[in-house]
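Below is one structure, written out as structure tokens; comments come after it.
There are 2 protein chains.
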Amino acid sequence: MSQSFFSDHQKTLDAARKAIRERGYWSAYPEIPSGKIYGETAKDDGLKAFQARLGKSFELDQPGKVGEVGAERSPFGPAIDVKYPKVDIDELLRAAQAASGSWAKADINARVGVCLEILHRLNKRSFELANAVMHTTGQGFMMAFQAGGPHAQDRGLEAVAYAYDEMTRTPAKTMWKKQVGKEEFVTLEKRYRIMPRGVALTIGCSTFPTWNGYPGIFASLATGNAVVVKPHPGAILPLAITVEIGRAVLSEAGFDPNVLTLAADSHGAPITKDLAIRPEVKIIDYTGGGEFGSWIEKNATQAVVFTEKAGVNSIVIDSCDDLKAVTGNLAFSLSLYSGQMCTTPQNIFIPKDGITVGGEKKSFDEVAGAIVGAVNWFLGEPRRASEVLGAIQNENTLKRVEAAAREGEVLRPAGHEANEAFPEARVCSPLMIKIDAKQTELFMREMFGPIVYLIATDNTEQSIRLAAQGASQCGAITAAVYSTDTKVLDAADEQIAGAGAALSCNLTGQIFVNQAAAYSDFHVSGANPAGNATLCDAAFVTNRFRFVQTRVPVAG
Amino acid sequence: MSQSFFSDHQKTLDAARKAIRERGYWSAYPEIPSGKIYGETAKDDGLKAFQARLGKSFELDQPGKVGEVGAERSPFGPAIDVKYPKVDIDELLRAAQAASGSWAKADINARVGVCLEILHRLNKRSFELANAVMHTTGQGFMMAFQAGGPHAQDRGLEAVAYAYDEMTRTPAKTMWKKQVGKEEFVTLEKRYRIMPRGVALTIGCSTFPTWNGYPGIFASLATGNAVVVKPHPGAILPLAITVEIGRAVLSEAGFDPNVLTLAADSHGAPITKDLAIRPEVKIIDYTGGGEFGSWIEKNATQAVVFTEKAGVNSIVIDSCDDLKAVTGNLAFSLSLYSGQMCTTPQNIFIPKDGITVGGEKKSFDEVAGAIVGAVNWFLGEPRRASEVLGAIQNENTLKRVEAAAREGEVLRPAGHEANEAFPEARVCSPLMIKIDAKQTELFMREMFGPIVYLIATDNTEQSIRLAAQGASQCGAITAAVYSTDTKVLDAADEQIAGAGAALSCNLTGQIFVNQAAAYSDFHVSGANPAGNATLCDAAFVTNRFRFVQTRVPVAG
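Residue numbers (our numbering), protein chains in the order written: chain A, 1 to 556; chain B, 1 to 556.
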């Protein structure tokens, strides 16, 4: 059975392996939520499947159940009220350890086949997952479908491709023949076994539970580890569905389904710290806030730790040919999911004396005004605004927006645009504030959510320096620069990418600074405080397993 | 200049890259200390070069010198009395950071070329290094030449090969073209830069300063990090010579020589802890005792940490065809360098009711006696004994031997065989003690040095279980099993290799359990407490650098 999963999907795996080497555009899972691709009834079926979960107990048939937990509410308003198993950590970890034995011993193709089949089934369930992601994270439907479905699946497949490459790069056995005397040889058969670390813990986040969770889950599974998924209490459902699908595939393939388990908790009784320092936990993948991420890095010293935390992403505007093309591009980046992406720009640096646009001088206020105007225009169409903004996942974000508004000159107040489909949606469009480059205490900190600082600098040199400093000091995942001067682009590359932020130059049109594509974009560099790991590179998988060898002499 | 280094040695690199994939026998640096290979005067020249260092100041022309330090004494007797720069840590780290800038930006081939040239020059200086290793570690000359010279150089080259593969596996740039509308495409040029972590610290050990030090030093250098070498105060000279050679090559290639620096200290005023937790230090390679290694793993959370600590290596004797072949092989393994290898067996498990040898029953005492007899016979030839045993590096080892002798039934007392060439040599041949499997407090702990426990077990099943338990609990790097029964071999493979110890089966003749060959043997699995890293695998290099990307739109 499991061998058939591998052969069923081997072409997909091979294409993904090629893609991570060439790093051009490729995708295994279509991002268009079209009936022609996913089946004419897929959209309705997915919605119904989601709705059928609401207000019910989510049965997972995993050990250690000691009650129920779950208090998710849709940022769009509706109650979710799904109850998940509350687990006894001791029992769950025992079950995970017990399950990891035969999983670790399975051959690479069997394990990788299971992973590929899980991804395949997740893809078929993309509409159900889209609804689950939408109503836990607050993402608009299209984004929830793409980022929560196919793009997340691509990220998972990318991790499987890296894991497969690294596990198979060393032969399973070899012959070693050495001359040890005039006519004397020693020949050893050497066998190299893949030895997984044991139990891995994936700590999910509230904004991108699948996109950020799948790489770690699939990297650990493929390399033979049992995975305990600890979702954010605000976004359990997408990962619970994932675990359910995964357990079904594991069982069908003849493995103990406890290779993949869910450990849900509540805001009131969090279990993450307890889990993170358990001696049984040998790998941790964490996505979330910086403070807690740093706590894990410092305290979970028994585990190999991969973190994606957060940071302060910057945009440097120096000059351009077409300001409208620039501001139109920025308007989307700033509005998308109300700035709740770890890749959304926060700080926009503009020289106080203005910039050159197609040979003409534009003042700071004209440039800032053009960005504000573009955001207003873009959000002026209510249906588009609702779809792009989505809703605010965490109400603390609204409080942060309110506090920020009192600290500078508001060029654009945060908007609470009406959402026709969901009147109760927690909507908040970008607050845009003008400040001075001297006010470092305001912008040299992460202000997660729809908060944008338009920062007047002495000149572009200072803009670049501050953007780089923000990355080094607070972490940064992305950065962008707009300039017609190659020297400026080179300086930004040198300093800002040199501070570990993925840099985009002169982006206009349908490509955005906050988007990262699987198989091509390294998401998070691991080279500044925004995180210590990358989705995905070889380092993301190589330390999830070890090689252990056996040598046997062979008669000469 | 630096490009010529790369092309000079590219064939060597390519052969090493092939070797780590195929993992058969290969070596770049001849292990025979022959005048025909190294030059007729090489041996004398090396000895003279070594002697010329004695009693002098070792000049390194590196910044931060605030005095001198150094109190090495040869375990063979002679004073060494070389004085090394005592460094101001602040100033040294500043210099290392400053040097790392252009080193990080150099292209891969330039850096790798420098590494290959350093290794090439180290190889030419193998006789000098052999003397330095011999008179700091206590290894006999032949071993000091092989393990301290060519074998160490091979381990360094292996690390460079891994680093080169992993850095070049991702293209430096690519074109990414995605369809975003009916007729609309977005094309991005993406550039991926290698970004080293910064400053790496290599903490050397007293027994194999070069063999255990080179992998980390060369892995960090090749991936663009500056390396600070902190040798063990008892074995500074081999690494000081290495740093001297490295700095000369760096300078010739136009780099700041402070890419490679020495931070020597003394037993009385150790600097390792201070260095290990400095925020500038982003990578640590540690070889040494378990307690301090665990301290580093727990406390140096600002760095990526690679450790090789120690453990309890076991031998399980179940049955064999030719007991003499077994005991002859073991006699060498137990005697070599007086058991001061992290791969030397400590615990030999034999069923209390004896074993079957070629169909005949041999009692425990007969088997134990045969091993003792083989050691006695092997060490009965004084010149061979002197060469193989070498001398005891640390006098605490002698105290440990004395203490151990009081704890069980001594089958063979430790011998203090005369060394004709060095009458003052601290010689100690293996103490062999018979104990019972119940006395876990004696053998479930590391007793570093020439201490061998012959442990009477209920049966082979228990032998295997105890060997595996020792590996899991105390760590183990190697293990061996002797059996004519494939079921026993399979069980040992399952349990002992399954506990992360490299297992050798039925070794006889000229291949020994404590030997690990570059390009083929994974030294330390990282899968038990004996260490968290392997010399070498991909995981040993992938996290020493990061990828940071830059994206630029290309007109459709």
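The C-beta atom is built at its ideal place from N, Cα and C for all residues, glycine as well.
Quick caveat: nothing in here was measured; it's all calculated off a predicted structure.
Exposure label - residue i; buried when at least 16 CB within 10 Å
i, result
"residue 396/B", "exposed"
"residue 174/B", "buried"
"residue 51/A", "exposed"
"residue 287/A", "buried"
"residue 267/A", "exposed"
"residue 182/B", "exposed"
"residue 558/B", "An answer regarding residue 558/B cannot be provided, because it is not within the stretch 1 to 556 covered by chain B."
"residue 80/A", "buried"
"residue 232/A", "buried"
"residue 340/A", "buried"
"residue 34/B", "exposed"
"residue 383/B", "exposed"
"residue 8/B", "exposed"
Nearest to residue i (by Cα), restricted to the options the options
i, options, result
"residue 381/A", "335/A, 251/A, 403/A, 487/A", "335/A"
"residue 347/B", "182/B, 442/B, 254/B, 80/B", "442/B"
"residue 517/B", "454/A, 190/A, 546/A", "190/A"
"residue 331/B", "450/B, 342/B, 213/B", "450/B"
"residue 296/B", "313/B, 278/B, 311/B", "278/B"
"residue 377/A", "176/A, 429/A, 399/A", "429/A"
"residue 243/B", "4/B, 27/B, 271/B, 58/B", "58/B"
"residue 235/A", "224/A, 70/A, 36/A, 105/A", "70/A"
"residue 185/B", "414/A, 111/A, 509/A", "509/A"
"residue 344/A", "43/A, 197/A, 245/A, 523/A", "523/A"
"residue 533/A", "34/B, 548/B, 531/B", "548/B"
"residue 311/A", "538/A, 531/A, 88/A", "531/A"
"residue 481/A", "469/A, 453/A, 513/A, 475/A", "513/A"
Unbroken beta strand (DSSP E) run spanning residue i, endpoints
i, result
"residue 67/A", "65-69"
"residue 317/A", "314-317"
"residue 176/B", "173-179"
"residue 214/A", "Counting along the chain, residue 214/A falls outside any beta strand (DSSP E), though it belongs to the alpha helix (DSSP H) covering 209-222."
"residue 194/A", "185-196"
"residue 201/B", "199-203"
"residue 285/B", "281-287"
Other residues of its chain near residue i: CB distance less than 8 angstroms, five sequence neighbours each side excluded
i, result
"residue 423/A", "77"
"residue 140/A", "134, 337, 386, 387, 388, 389, 390"
For residue i, the first and last residue of its enclosing alpha helix (DSSP H)
i, result
"residue 351/A", "Where residue 351/A is concerned, there is no enclosing alpha helix (DSSP H), although the beta strand (DSSP E) it sits in stretches over 347-351."
"residue 241/A", "237-252"
"residue 143/A", "141-148"
"residue 504/A", "Per DSSP, residue 504/A belongs to no alpha helix (DSSP H); it is in the beta strand (DSSP E), 502-505."
Own chain, CB closer than 6 angstroms to residue i, minus 5 neighbours either side, in chain order
i, result
"residue 358/B", "321"
"residue 436/B", "456"
"residue 259/A", "99, 103, 226, 250"
"residue 285/B", "202, 216, 306"
"residue 463/A", "316, 349, 457"
"residue 502/A", "478"
Chain-ordered neighbours of residue i on chain A, where CB pairs are closer than 7 angstroms
i, result
"residue 25/B", "176, 177, 178"
"residue 509/B", "186"
"residue 441/B", "Here the premise fails: no neighbours, minimum Cβ distance about 23 angstroms."
Under 8 angstroms by beta carbon: chain A residues contacting residue i
i, result
"residue 298/B", "301"
Proximal chain B residues relative to residue i, where beta-carbon distance stays under 9 angstroms
i, result
"residue 500/A", "195, 546, 548"
"residue 593/A", "Since the first and last residues shown for chain A are 1 and 556, residue 593/A lies out of range."
Chain-order list of residues whose beta-carbon lies under 7 angstroms from that of residue i (same chain, five-residue window excluded)
i, result
"residue 363/B", "354"
"residue 303/B", "281, 282, 283, 284"
"residue 472/B", "499, 528"
"residue 163/B", "219, 222, 223, 541"
Proximal residues of chain B, C-beta to C-beta of residue i below 7 angstroms
i, result
"residue 526/A", "546"
"residue 93/A", "By Cβ distance, chain B contributes nothing, its closest Cβ being about 17 angstroms from residue 93/A, past 7 angstroms."
Partner residues on chain A for residue i, Cβ-Cβ distance less than 9 angstroms
i, result
"residue 465/B", "Going along chain A, no residue has its Cβ under 9 angstroms from residue 465/B, so there is no contact; the nearest lies around 16 angstroms."
Any non-hydrogen atom of the ligand PLP closer than 8 angstroms to residue i Cβ
i, result
"residue 114/A", "Questions concerning the ligand PLP fall outside what the structure shown contains, since it holds no ligand whatsoever."
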